[in-house]
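Take a look at the structure set out below.
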DNA sequence: AATAAAGTTTAGGTTAATCTAAAAATTGTA
DNA sequence: TACAATTTTTAGATTAACCTAAACTTTATT
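Encoded structure:
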């Protein structure tokens, strides 16, 4: 069992992303574009990755990631997304400033570190961009997103995305502390206007109107 | 202004450590031993480091780190030690399991990340081994260690070392939550038996006997 | 002081990851 | 279908970081 180098991990991740979850075969030029490298370099690297069994490769026909390759790519993606959660939730970075740092952190090798980090972050299912975090076996949480407004009293969910992405709405959320990744517990629902009483991050209680809860996409735990 | 590679950073750190804070000149073989590499590789690297101005070098006479080199080495050491604090204080690693992971984390490039981490960890002055953490300008805290028993009521200090390193004592500390890095505030001192009421990590209060407080070495903030 | 031992450097080579330029294969089109 | 355009691969270099073996300095010992 080889360990992949940083460069190999980056190629594998790019191939995984470009192939829509590892199904499709991927072209050399597409990889070169994504990694800002030259097609010749990609050809070289593909041969190496195929020697290591993480992709299959037919000359001039593009590459396809193998099951082993997919597992390794998802492990890097898991690390990347967990670190992003750390940077946003614990170090107060904004979700749009964390990618570059996570690109470095994702290569740190220690599975114990990652399981401890996961625990420390309270097992988040989504990163700050709303992308799902694979579990240690490379499986993404299967629960689909639903509007907060559809949840019953007592449900616990995680905010993962918004329908309305207008500045005014995002600003409102920022002020109230409703960020992607926030844990939401439904305390009560008001029949007469559809508003909801919620508790966020086991801490603050607040009320949100039907208009707001319709626009907040969550995943039930 | 060049950026140093991971390998260059490791050489520079080794040279810094081997030269007792950058004063003495360092031999090729000593560096090779410490980095588990060959003297020939060290010679190669030394030429490169000297081209970049971080060491001065006279053939056959060893290397000496420059002021710029010292600054860069201390920056890596700062990052290493802050990550060690993170691993122990936040992810519950034991102080003797963190070195290898910190060896990887120390190369992550982002000064904003490090200043945020420093803040998140409440500006620790010592790592979990009791080694001082350089500040952002590469200066180590000058405050000397004192026994906890010598502090006045109201003093805030950080536990950095123990006089008694016997298993029984260390076990006692473990059970009470008194670890290296713990923040200690002196709440009250009892004249009649010299015992002390303290608050640890802004949280738990406890009483320690004179025998214990004599053996706990702290740095006053 | 001469020489043996120890330490250091140089010469020359290897591997990983990149590149440019040219050749080869595939695809699109008239 | 033939040829042009596009895509991909190969050939041959380059740079960083390492290595071994041999040459050269310095230091220690008789």
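Protein chains in written order, with my numbering: chain A, 6 to 226; chain B, 6 to 226.
For every residue, glycine included, the Cβ atom is placed at its ideal position computed from N, Cα and C.
Worksheet entry | Exposed unless 16 or more other CB atoms sit within 10 angstroms - verdict on residue 4/B | No statement about residue 4/B is possible, as the shown extent of chain B runs from 6 to 226 and does not include it.
Discussion item. Could you check whether the Cβ of residue 106/A sits closer than 8 Å to any Cβ belonging to chain B?
Written reply: By this cut-off, residue 106/A is an interface position.
Worksheet item: In chain order, what residues of the segment 94-121 of chain B put their CB closer than 9 Å to some CB of chain A?
Response: Taking 9 Å as the Cβ-Cβ cut-off against chain A, the residues of the segment 94-121 of chain B that qualify are 95, 96, 97, 98, 102, 105, 106, 109, 110, 112, 113, 114, 115, 117, 118, 121.
Worksheet item: Within the 8 Å Cβ cut-off, does residue 197/A reach chain B?
Response: Closer than 8 Å: no.
Item to complete: Would you decide whether residue 171/B is buried or exposed? Buried here means 16 or more other CB atoms lie within 10 Å of its CB.
Response: Residue environment analysis places residue 171/B among the exposed positions, since fewer than 16 neighbouring C-beta atoms fall within 10 angstroms of its C-beta.
Practice prompt. Could you tell me which of 136/A, 189/A, 209/A, 81/A sits nearest to residue 108/A, measuring between CA atoms?
Written response: Answer by Cα proximity: 81/A.
Item to complete: Name, please, each residue of chain B whose Cβ falls closer than 8 Å to the Cβ of residue 125/A.
Response: Residues of chain B whose Cβ lies closer than 8 Å to the Cβ of residue 125/A are, in chain order, 95, 96.
Worksheet item: With residue 60/A and residue 68/A assumed to form a contact (beta carbons below 8 Å), what rounded beta-carbon distance in angstroms separates them?
Response: Taking 8 Å as the upper bound for CB-CB distance, residue 60/A and residue 68/A are in contact here, some 4 Å apart.
Discussion item. Please classify residue 220/A as buried or exposed, where buried requires at least 16 neighbouring CB atoms within 10 angstroms.
Written reply: Using a 10 angstroms sphere on the CB of residue 220/A, the tally of other CB atoms reaches 16 or more, which defines it as buried.
Practice prompt. Under the assumption that residue 224/B contacts residue 211/B (Cβ atoms under 8 Å), give the Cβ distance between them as a whole number of angstroms.
Written response: Not really, about 20 Å apart at Cβ, beyond 8 Å.
Worksheet item: At which residues does the alpha helix (DSSP H) containing residue 107/B begin and terminate?
Response: Where residue 107/B is concerned, the enclosing alpha helix (DSSP H) stretches over 104-110.
Practice prompt. On a CA-only basis, which of 36/B, 192/B, 38/B, 182/B is nearest residue 154/B? Give me that one, please.
Written response: The option with the nearest alpha carbon to residue 154/B is 192/B.
Worksheet item: What did DSSP end up calling residue 210/A once you bin it into helix, strand or coil?
Response: Of the three classes helix, strand and coil, the one that applies to residue 210/A here is strand, per DSSP.
Item to complete: Figure out for me which residue from 25/B, 181/B, 218/B has the closest Cα to the Cα of residue 209/B.
Response: Of 25/B, 181/B, 218/B, the residue nearest in Cα terms is 181/B.
Worksheet item: Are there 16 or more other CB atoms within 10 angstroms of the CB of residue 120/A, so buried, or fewer, so exposed?
Response: Exposed, by the Cβ-count rule.
Worksheet item: Are the CB atoms of residue 17/B and residue 74/B nearer to each other than 8 Å?
Response: Yes. Within cutoff.
Worksheet item: Distance, Cα to Cα, residue 88/A vs residue 118/A?
Response: Roughly 11 Å separates the two Cα atoms.
Worksheet item: Between the Cα of residue 128/A and the Cα atoms of 134/A, 21/A, 140/A, 136/A, which residue gives the shortest distance?
Response: Of the candidates 134/A, 21/A, 140/A, 136/A, the one whose C-alpha sits nearest the C-alpha of residue 128/A is 140/A.
Worksheet item: Since residue 62/A sits in a beta bridge, which residues does DSSP pair it with?
Response: DSSP, once it has assigned bridges, lists 68/A as partnering residue 62/A.
Item to complete: Return the chain-ordered list of same chain residues with a C-beta closer than 7 Å to the C-beta of residue 218/B, the five sequence neighbours on each side being excluded.
Response: 152, 153, 154, 201.
Worksheet item: Exposed or buried, which one is residue 45/B when buried takes at least 16 other CB atoms within 10 Å?
Response: Residue environment for residue 45/B: exposed (fewer than 16 other C-beta atoms within 10 angstroms of its C-beta).
Worksheet item: Considering residue 188/B, what are the terminal residues of the alpha helix (DSSP H) in which it resides?
Response: Counting along the chain, residue 188/B falls outside any alpha helix (DSSP H), though it belongs to the beta strand (DSSP E) covering 188-194.
Worksheet item: Near residue 126/B, what residues of its chain come up, given a Cβ to Cβ distance below 7 Å and the 5 sequence neighbours on each side ignored?
Response: For residue 126/B, where only same-chain residues beyond five positions count, the Cβ hits under 7 Å are 87, 90, 91, 94.
Worksheet item: What does residue 225/A pair with, by DSSP beta-bridge criteria?
Response: DSSP output for residue 225/A lists 162/A as bridge partner(s).
Practice prompt. Give the straight-line distance between the Cα atoms of residue 24/A and residue 56/B, rounded to the nearest whole angstrom.
Written response: Between the C-alpha atoms of residue 24/A and residue 56/B there is a straight-line separation of about 44 Å.
Practice prompt. Buried or exposed for residue 168/B, please, with buried defined as at least 16 other CB atoms from any protein chain shown within 10 angstroms of its CB.
Written response: With fewer than 16 other Cβ atoms within 10 Å, it is exposed.
Worksheet item: Can you give the Cα-Cα distance for residue 100/A and residue 175/A, rounded to whole angstroms?
Response: So the alpha carbons of these two residues sit roughly 13 Å apart.
Worksheet entry | Residue environment, residue 50/B, which counts as buried when at least 16 other CB atoms sit within 10 Å | Residue burial is scored here from C-beta neighbours: residue 50/B has at least 16 other C-beta atoms within 10 angstroms and is therefore classed as buried.
Discussion item. Which same chain residues end up closer than 7 Å to residue 7/B when comparing Cβ atoms and leaving out the 5 residues on each side of it in sequence?
Written reply: These residues qualify, in order along the chain: 57.
Worksheet entry | Burial state of residue 159/A (16 or more Cβ within 10 Å) | In summary, residue 159/A is exposed, with fewer than 16 beta-carbon neighbours lying within 10 Å of its beta-carbon over all protein chains present.
Worksheet item: When you compare each of 205/B, 150/B, 122/B, 143/B to residue 135/B by their alpha carbons, which one comes out closest?
Response: A check of alpha carbon separations from residue 135/B across 205/B, 150/B, 122/B, 143/B identifies 150/B as the nearest.
Worksheet item: By how many angstroms is the C-alpha of residue 123/A removed from the C-alpha of residue 189/B?
Response: Roughly 29 Å between the two C-alpha positions.
Fill in: Closest Cα partner of residue 148/B within the set 226/B, 11/B, 19/B
Closest in alpha carbon position to residue 148/B, among 226/B, 11/B, 19/B, is 226/B.
Worksheet item: If you check the beta carbons only, do residue 164/A and residue 187/A fall under 8 Å apart?
Response: Against a cut-off of 8 Å, the Cβ pair of residue 187/A and residue 164/A comes out as a contact.
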